[in-house]
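2 protein chains.
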Amino acid sequence: MSDELLRALDQAGVRLTGPRREIAALIAKRNGHFTAADLIADASKRRLGVGRATIFRLLDLLAEQGLVERVDLPDGRHAYVPCEPSHHHHLVCVSCGAIAEVDDCGIDAVTAEASRRSGFSIESHRLELFGRCPNCRSAN
Amino acid sequence: MSDELLRALDQAGVRLTGPRREIAALIAKRNGHFTAADLIADASKRRLGVGRATIFRLLDLLAEQGLVERVDLPDGRHAYVPCEPSHHHHLVCVSCGAIAEVDDCGIDAVTAEASRRSGFSIESHRLELFGRCPNCRSAN
DNA sequence: GATTGATCCGATACTTAGTCTCATTAGAGT
DNA sequence: ACTCTAATGAGACTAAGTATCGGATCAATC
Ligand SMILES: [Mn+2]
Ligand SMILES: [Mn+2]
Ligand SMILES: [Zn+2]
Ligand SMILES: [Zn+2]
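Protein sequence lines correspond, in order, to chains A and B.
So the first sequence is numbered by the working numbering: it starts at 78 and just counts up by one.
So the second sequence is numbered by the working numbering: it starts at 78 and just counts up by one.
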């Protein structure tokens with residue numbers, strides 16, 4: 078349900094407008110990752126009158142709040158996934174686009190080692206794992 | 078020097094054309110990451126007559142050969158870094174754009190654990206580390 | 001060194017993602 | 001209900017990237 082997104086937006090002190098409710102519903106209805114273009118297509122299919130720019134604006138806002146996270150697909154597309162606001166990483170199914178979240182399982186040791194070897198101080202990292210989800214594994 | 082790129086291209090069995098030599102030289106002259114737009118600007122500044130499309134085409138080709146790798150910057154831009162063809166990851170200096178390469182230091186354990194928890198089979202991963210290089214650390 | 005054919009080229013048109021501006025609307029606190 | 005500001009949709013605009021195509025050029029062969 079989109080209630081979660083809306084509640085979090087309310088929390089963030091921004092207005093709960095009509096278009097935002099509608100777009101949030103579209104996002105909630107999706108599974109796996111989606112692009113801005115997907116949402117724009119959804120919206121126009123349902124004849125919601127929301128403007129293109131409004132969708133980009135809401136995605137930015139949600140990303141700032143950590144409610145949605147940007148994923149760079151291997152093919153170069155920019156997608157988003159609905160998200161817990163805490164730090165974690167994403168498993169992306171290359172077959173169906175399903176997403177699983179994993180929290181840090183040992184990454185900190187890796188970054189510490191990389192820092193030691195390179196002399197860099199590490200401020201942030203991005204780890205994306207690509208593979209096949211349980212469904213797609215058994216389906217084939 | 079760009080000789081390394083050219084040798085590798087030759088190895089790959091493609092033609093060593095004039096434009097490719099010139100673009101390779103531009104890449105070799107860069108340090109840190111660069112975007113297609115950077116190269117296009119470099120080329121036009123030097124009045125090389127190379128076409129925009131040729132630059133995109135060579136970047137694709139180099140990326141296929143693993144001589145250059147695409148990095149998705151935190152701000153969403155697509156950049157490239159000159160690269161060893163073997164698997165490894167990149168440390169990106171958020172201040173000056175310098176790059177260091179680190180090979181797998183314990184990532185496999187992380188992906189194995191993520192796979193166990195999620196049921197995904199993991200086929201590939203992408204790890205990017207962002208921070209400050211030794212130069213930029215001491216410069217401030 | 002000339003011939004030749006596939007590869008590669010630049011020009012140009014096109015598509016798509018994303019941003020910006022601005023006049024109008026509508027949310028939320030009073 | 002009133003008000004003031006945040007947010008909206010329309011549309012122009014920019015920038016990234018792709019597709020097409022006739023002409024140039026590389027490199028293998030003779
Ligand atoms: Mn997430
Ligand atoms: Mn590299
Ligand atoms: Zn799947
Ligand atoms: Zn630096």
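Even for Gly, the Cβ is constructed at its ideal location relative to N, Cα and C.
**Request:** Give a yes or no on whether 8 Å exceeds the smallest Cβ distance from residue 126 (chain B) to chain A.
**Result:** no
**Asked** Roughly how many whole angstroms lie between the Cα atoms of residue 186 (chain B) and residue 199 (chain B)?
**Response** 12 Å
**Message:** Classify residue 159 (chain B): buried if its beta carbon has 16 or more other beta carbons within 10 angstroms, exposed otherwise.
**Reply:** buried
**Message:** On the criterion of 16 or more Cβ atoms from any shown chain inside 10 Å, does residue 208 (chain B) qualify as buried, or is it exposed?
**Reply:** buried
**Request:** Pull out every residue of the stretch 164-188 of chain A whose Cβ sits closer than 8 Å to any Cβ of chain B, in chain order.
**Result:** 166, 168, 170, 171, 177, 179, 182, 183, 184, 186, 187, 188
**Message:** How far does the beta strand (DSSP E) with residue 149 (chain B) in it extend, from its first residue to its last?
**Reply:** 145-149
**Request:** Take residue 272 (chain B) as the anchor and find which of A:118, A:123, A:78, A:166 has the nearest alpha-carbon.
**Result:** Outside the shown range of chain B (78 to 217) lies residue 272 (chain B), about which nothing can therefore be said.
**Prompt:** When we look at the beta-carbon of residue 141 (chain B) and count the other beta-carbons within 10 Å, is it buried (16 or more) or exposed?
**Reply:** exposed
**Request:** Give every residue of the same chain whose Cβ lies closer than 8 Å to the Cβ of residue 88 (chain B), excluding the five residues on either side of it in the sequence, and list them in chain order.
**Result:** none
**Asked** Going by the beta-carbon positions, is the gap between residue 206 (chain B) and residue 171 (chain B) smaller than 8 Å?
**Response** no
**Asked** Start and end of the alpha helix (DSSP H) containing residue 208 (chain B)?
**Response** Residue 208 (chain B) -> not in any alpha helix (DSSP H); beta strand (DSSP E) instead, spanning 198-209.
**Asked** For residue 154 (chain B), which of B:188, B:139, B:110 has the nearest alpha-carbon?
**Response** B:110
**As assigned by DSSP and simplified to three states, the class of residue 135 (chain B)** = helix
**Request:** Note down, in chain order, all residues in the stretch 195-214 of chain B with a beta-carbon under 7 Å from any beta-carbon belonging to chain A.
**Result:** 195, 196, 197, 198, 199, 200, 201, 202, 203, 204, 205, 206, 207, 208, 209, 210, 211, 214
**Message:** Among A:130, A:122, A:118, A:138, whose alpha-carbon lies nearest the alpha-carbon of residue 83 (chain A)?
**Reply:** A:138
**Item:** Same chain, Cβ closer than 7 Å to residue 86 (chain B), five either side skipped, listed in chain order
**Value:** 93, 97
**Message:** Tell me the residue span of the beta strand (DSSP E) that contains residue 159 (chain B).
**Reply:** 155-159
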